[in-house]
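Here the structure comes first, spelled out in structure tokens, and everything after it is commentary.
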Amino acid sequence: MRNLPKENLLTIEKMKSGRLCLNLNSYTEWEDFPEYAKKLANKLDANINSKIDSIDIRIWELKIKNEIVRLVFDDFPMLISLESTSKEGDILLSDIKTKLEREVNNTF
Numbered sequence: 005m006r007n008l009p010k011e012n013l014l015t016i017e018k019m020k021s022g023r024l025c026l027n028l029n030s031y032t033e034w035e036d037f038p039e040y041a042k043k044l045a046n047k048l049d050a051n052i053n054s055k056i057d058s059i060d061i062r063i064w065e066l067k068i069k070n071e072i073v074r075l076v077f078d079d080f081p082m083l084i085s086l087e088s089t090s091k092e093g094d095i096l097l098s099d100i101k102t103k104l105e106r107e108v109n110n111t112f
């Protein structure tokens, strides 16, 4: 499975940690992730606090409205998602989902 079906994007799921995860993109390749991440951070008025790049996963920590969320690129299945780290982050992900849904017809 290379890409998630489009209907699974911009969906919120509960992770095993109990925190929420917002599925964003299954079409961006590994080498395009940094550009995608910077554009998304700009769109969300986020600061990139740290970057971890390993063989099959990239985790960039974003600070948005004083909350920390992780922007994650997972190689299998290929998916970019935002992961909450707190209850307040869960609420933030819901707000981000609403904002991105409003822009769904725009090119991102």
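Just so we're on the same page, the numbering used here is the position in the sequence shown counted from 1, plus 4. From the three backbone atoms N, C-alpha and C, an ideal C-beta is built for every residue, glycine too.
Classification of residue i by the beta-carbon crowding that lies within 10 angstroms, buried from 16 upward
i: I56; result: exposed
i: I61; result: exposed
i: I100; result: buried
i: W64; result: buried
i: R6; result: Residue confidence is low: R6 scores 39 on pLDDT, short of 50, so the model does not pin down where it sits. No coordinate-derived value is stated.
Other residues of its chain near residue i: CB distance less than 6 Å, five sequence neighbours each side excluded
i: Y40; result: T32
i: T15; result: N27
i: E17; result: C25
i: S54; result: E65
Counterpart residues of residue i in DSSP-defined beta bridges
i: M82; result: D79
i: I16; result: L26
i: E87; result: C25 and R74
Spatially closest choice to residue i from the options, by CA coordinates
i: K20; options: E87, E92 and I68; result: E87
i: D36; options: N51, N53 and D78; result: D78
i: F80; options: I59, L48 and I52; result: I59
i: K103; options: L48, S54, G22 and W64; result: L48
i: V76; options: I52, E92 and K91; result: I52
i: N29; options: I84, A45 and N46; result: I84
Neighbourhood of residue i by C-beta, 8 Å cutoff - its chain only, sequence neighbours within 5 removed
i: E105; result: L14
i: L96; result: I68, K69, E71, V73 and S88
i: S98; result: I16 and L24
Close beta carbons around residue i, own chain, < 7 Å, minus the five adjacent residues each side
i: A50; result: L66, K67 and I68
i: S90; result: E71
- Complete alpha helix (DSSP H) runs within the segment 25-74 (minimum length 4 residues, chain order): 37-47
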